[in-house]
Amino acid sequence: MFALFFLYALIIAVAVFVLKLILWILLIPILWTYFTIADAIDRKKKVARQRK
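Position 2, counted from 1, in the sequence shown is what the working numbering calls 2; the numbers after and before it change by one each time, with no gaps.
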């Protein structure tokens, strides 16, 4: 019974870890593109300011 509970806890821990890993793998490109777009917009604003 104890061994079964331990195995169950281990499976849950691995599942949670894998889910977190998948979430990070999905989040990193989204954050990367978001920051790149924000940076591009910021650059455009700076260029617009210089033209005035």
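For every residue, glycine included, the Cβ atom is placed at its ideal position computed from N, Cα and C.
- In this structure, the alpha-carbon of residue 17 lies about 24 Å from that of residue 1.
- Note on geometry: alpha-carbon atoms of residue 20 and residue 27 lie some 10 Å from one another.
- Per the coordinates, the alpha-carbon of residue 14 lies some 25 Å from the alpha-carbon of residue 31.
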